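There are 2 protein chains.
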Amino acid sequence: MTSRVALARRPSIHDVASRAGVSAATVSKVMHGVRTVKPENVRRVQTAVAALGYRADPLASDLRRAKRRIIGVIVPELESEFFGTMVTELERLAEDRGYSLVTATCRESVDREEDIIRRMHDWRVAGVVLAPVRDEHGPAASYMKQHSMSGVIIDRVLSDDIFDTVSADSSTASIEVARQLVGKGHRHMLVIGLGSHAATSKARIDGFRAEALDLAPDCRIDVLVAESQIGALREAVRAYFDRGEHPTAVYSLFAKGTLVALSEFRRRGWRCPEDVSLIGFDDAEWMQVTWPSIAAVVQPVEAIAGNAMDMLFERIEGREGQPTARLQRCDILLRESVGVSRHGQPTGGEEQATPPVAD
Amino acid sequence: MTSRVALARRPSIHDVASRAGVSAATVSKVMHGVRTVKPENVRRVQTAVAALGYRADPLASDLRRAKRRIIGVIVPELESEFFGTMVTELERLAEDRGYSLVTATCRESVDREEDIIRRMHDWRVAGVVLAPVRDEHGPAASYMKQHSMSGVIIDRVLSDDIFDTVSADSSTASIEVARQLVGKGHRHMLVIGLGSHAATSKARIDGFRAEALDLAPDCRIDVLVAESQIGALREAVRAYFDRGEHPTAVYSLFAKGTLVALSEFRRRGWRCPEDVSLIGFDDAEWMQVTWPSIAAVVQPVEAIAGNAMDMLFERIEGREGQPTARLQRCDILLRESVGVSRHGQPTGGEEQATPPVAD
DNA sequence: GTGAAAGCGCTAACAT
DNA sequence: ATGTTAGCGCTTTCAC
């Protein structure tokens, strides 16, 4: 092995060039595998590269090319499994294409969302995967549109006005949830959500309500939606239970809502599913190992990420034309937290012969 | 409001300069608030900037300064609350100092860890916050050392050989856990961990064992550690239980281990805490809303992040000298999953008069 | 095949 | 106080 040469600063392309006795241009060509370089020179360059441990500065290189091989990702938060997995997946897909991923969290703030998209524009990112706080009409999307940035919007989206969008098929999933709950005898159900997740919340509520009322016109569906504060939703749910309401099932439209529901059940000493059933959007690893295990709507994260990247790169490579809206089907995992409600009584819960296996 | 001028490409500093009738250098000075510019020209520049919507390209600017205002972060994974919160926090702290954060996930792979640090070096990041897969002797840390990059190592660290380190005080926390379990009468305890988390696992096991044996010399402590595969740990735990072992308490050294334990309890129909108690490293939101609520060692994420950034920037700004190792104290949250084991019997569990409130 | 020259967008040293 | 010059590390014509 050739021993490395110590240098104060990192070796530049010129250091390689002079050591190999060629010009910087030739080095550049070798680095990019251009065929028209004399084999002899290729070897000399390769030797010099190895000796110096040379690696190109991708940012300087991008500067010259006027197009950066960077994809920006904006997510509302990173504390939940959903976005964590999403970002991990997007990173892999971007790297497969030779791009770097730069992720920013807007902490559920629309103002920060705008701030971040500006900075990404300053960075001249090649494209953006945006998971908006609210929906595709937020400030980030407008900014992207106005500055003709390439972008795809995922997760919390309604329509395909401006950009390609990819999201879970909330409506179909909600219809299936309604079918399951009504089928298990539930006639009084509570739906909880967050208004700031406008896009997905709406589709989820509408699909659920329509199907439930269609199957059981006599059923009662209450909806509790707080604007953006999880604390406010908790208050609302608490007040609702406090005034004596006792639905037989709760359907949460997002992950933290499921936690709020569980926490309020505990507070009142309600057992799940005996006293009340629960199902929520977003699966998490813990949900299958607790007592009861918690039923969940599983969003196809890999499919969403894959689709988003495919579409984004098509746009980056110049595809024009109408934006498309892709919906990915969800799985419904009915676990122990959903029980049977008999004769319209406020309790459910099947006997568990033996504890089911967790995996 | 001045109306924006449409331009094919983004306005550069020269566009601003010519519109304002000054040189690019003057524009640069105005942008950086240099005081020696004639007020008249300051105004002209500001007007041009506003009219064109000019914003500097931070990457081009960094190229020239030869120091990039970018902090790299490397984490083993992003699916858990711990690293998600950590990254969110680090992002905030970096931005407070005018830096951007670039996060990469190495998916628990040491090879990828090295890959990523190389890329970050290529990017000439100003500094790196590394949460290594194994410990501070992994390839990323060596690479950083070898190329004299500024860095701080967090979470899975043993000593302070090379870089400043910040982590939770695993040892003290484990001692406290031992005290609690032994105090509640447990005399046969199982500790589960992952060998690839070498650094933290070791400190956690040693502290626990020493304290437990000190308080109750007759107690039995079994340790199950799989190298790196969570599946292998699951197999080991399963085999251990299958051959008839029935500890009265399980102490998990990392978040996923807690899930494995719960899942294996379910599989055998063991109730927690009646049949077996459980406590694990890393708190998560769900742990306080399930039945039983799960006891946890809470790592002080904000403190770790804050400390790490402080130390990193000191190094970036040139501080020399011995690396220091900072330990941040953990909280122990004893929840329902830890019960009392009476008279050395294999079962525990206190009566729960009323279900405790969740928050 | 190769290298000189120009330039991506910006800043810093130095004249003026 | 300002502009000119030079150059960060790289790529890309375009002559030779």
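From first to last, the protein sequence lines are chains A and B. Every position in the first sequence, counted from 1, becomes a number in the numbering used here once 533 is added. Every position in the second sequence, counted from 1, becomes a number in the numbering used here once 533 is added. Using N, Cα and C, we set each Cβ at its ideal position, and we do this for glycine too. As the structure is a prediction and not an experimental result, all values here were calculated from the model.
Under 7 angstroms by beta carbon: chain B residues contacting Thr698 of chain A: The premise fails here: Thr698 of chain A is roughly 23 angstroms from chain B at the closest Cβ pair, so nothing lies under 7 angstroms.
Apply the 10 Å Cβ neighbour rule to Thr638 of chain A and answer buried if 16 or more other Cβ atoms are within range, or exposed otherwise. buried
Burial state of Gln855 of chain B (16 or more Cβ within 10 Å): exposed
Just curious, the alpha helix (DSSP H) that Val690 of chain A is in, first and last residue? It is not in any alpha helix (DSSP H) - Val690 of chain A carries neither H nor E in the DSSP assignment.
Return the chain-ordered list of same chain residues with a C-beta closer than 8 angstroms to the C-beta of Tyr773 of chain A, the five sequence neighbours on each side being excluded. Leu723, Asp755, Leu757
With which residues is Thr698 of chain A paired in a DSSP beta bridge? A:Ile686, A:Ala858
Any contact between the segment 764-784 of chain A and the segment 788-801 of chain B? By contact I mean 3 or more CB pairs, one from each, below 8 angstroms. no
Alpha-carbon spacing of Asp815 of chain A relative to Val549 of chain A, whole angstroms: 52 angstroms
Alpha carbon to alpha carbon, how far is Ser642 of chain B from Thr705 of chain B? Give it in angstroms, no decimals. 29 angstroms
Member of B:Arg689, B:Asp644, B:Ile738, B:Arg720 whose CA lies at the smallest distance from the CA of Ala858 of chain B: B:Arg689
Would a check of beta-carbon distances place Ser642 of chain B closer than 9 angstroms to chain A? Taking CB atoms only, Ser642 of chain B has no neighbour in chain A less than 9 angstroms away.
Below 7 angstroms between beta carbons is the criterion; list the residues of the segment 794-808 of chain A that meet it against any residue of chain B, in chain order. If the cut-off is 7 angstroms between Cβ atoms, the segment 794-808 of chain A has Leu795, Ser796, Arg799, Arg800, Gly802 near chain B.
For the segment 581-593 of chain A, which residues have a CB atom closer than 8 angstroms to at least one CB atom of chain B, in sequence order? Arg588, Ala589, Asp590, Pro591, Leu592, Ala593
Is the CB of Leu789 of chain A under 9 angstroms away from at least one CB in chain B? Going by the sequence as given, residue 789 of chain A is Lys instead of Leu. Yes, Lys789 of chain A lies at the interface with chain B (some Cβ there is under 9 angstroms from its Cβ).
If you follow the beta strand (DSSP E) that Phe787 of chain B is in, where does it begin and where does it stop? Premise fails: Phe787 of chain B is in no beta strand (DSSP E) and is neither H nor E.
Tell me which residue opens and which closes the alpha helix (DSSP H) that Ser551 of chain B is part of. 546-553
Could you list the residues in the segment 600-614 of chain B with a C-beta less than 8 angstroms from some C-beta on chain A, going in chain order? Arg601, Glu610, Leu611, Glu612, Ser613, Glu614
When you compare the CB of Leu867 of chain B with every CB in chain A, is at least one pair closer than 9 angstroms? no
Determine the burial state of Glu622 of chain B: buried for a count of at least 16 other Cβ atoms within 10 Å of its Cβ, exposed for fewer. buried
Is there a C-beta anywhere in chain B that falls below 9 angstroms from the one on Phe616 of chain A? yes
For Tyr587 of chain A and Val567 of chain B, what's the separation of their Cα atoms in angstroms? 37 angstroms
Leaving aside the five residues before and after Arg720 of chain A along the sequence, list all residues of the same chain whose C-beta is less than 8 angstroms from its C-beta, in chain order. Counting only residues of its own chain and dropping the five nearest sequence neighbours on each side, Arg720 of chain A has a CB closer than 8 angstroms to the CB of Ala749, Asp751, Cys752, Arg753, Thr781, Ser874, Gly877.
DSSP three-state call for Leu748 of chain A: helix, strand or coil? helix
So, are the CB atoms of Val831 of chain A and Asp864 of chain A less than 9 angstroms apart? For Val831 of chain A and Asp864 of chain A, yes; Cβs fall inside 9 angstroms.
Of the residues A:Ile687, A:Arg657, A:Asp655, the one placed nearest Ala664 of chain A, counting alpha carbons only: A:Ile687
Kindly list, in the order they appear in chain B, the residues whose Cβ is closer than 8 angstroms to that of Leu792 of chain A. Glu818, Trp819, Val822
Considering only C-alpha positions, which residue in the set A:Cys805, A:Leu866, A:Ile827, A:Ile603 is nearest to Glu628 of chain A? A:Ile603
Under 8 angstroms: do the segment 804-813 of chain A and the segment 711-719 of chain A share three or more Cβ pairs, one atom per stretch? yes
Which full runs of the beta strand (DSSP E) of 3+ residues lie inside the segment 775-847 of chain A, going along the chain? Within the segment 775-847 of chain A, the complete beta strand (DSSP E) segments of 3 residues or longer fall at 782-785, 810-814, 828-831, listed in chain order.
Using a C-beta cutoff of 9 angstroms, does Asp629 of chain B count as contacting chain A? no
Does any residue of chain B bring its CB to less than 9 angstroms from the CB of Val560 of chain A? no
Which residues in chain B have a C-beta closer than 9 angstroms to the C-beta of Glu647 of chain A? List them in chain order. By Cβ distance, chain B contributes nothing, its closest Cβ being about 13 angstroms from Glu647 of chain A, past 9 angstroms.
Within its chain, find whatever has a CB closer than 6 angstroms to the CB of Ser613 of chain A; leave out the 5 residues flanking it on each side and keep chain order. Contacts found: Ala788.
Quick one: any contact between the segment 665-673 of chain A and the segment 645-657 of chain A, if contact means 3 or more CB pairs under 8 angstroms? At 8 angstroms Cβ cutoff, the stretches touch.
CA-CA distance, Asp894 of chain A and Ala828 of chain A? Past the boundaries of the shown model lies residue 894 of chain A; chain A is included only from 534 to 892, so the question cannot be answered.
Buried or exposed by the 16-neighbour rule on C-beta atoms within 10 Å, applied to Pro806 of chain A: buried
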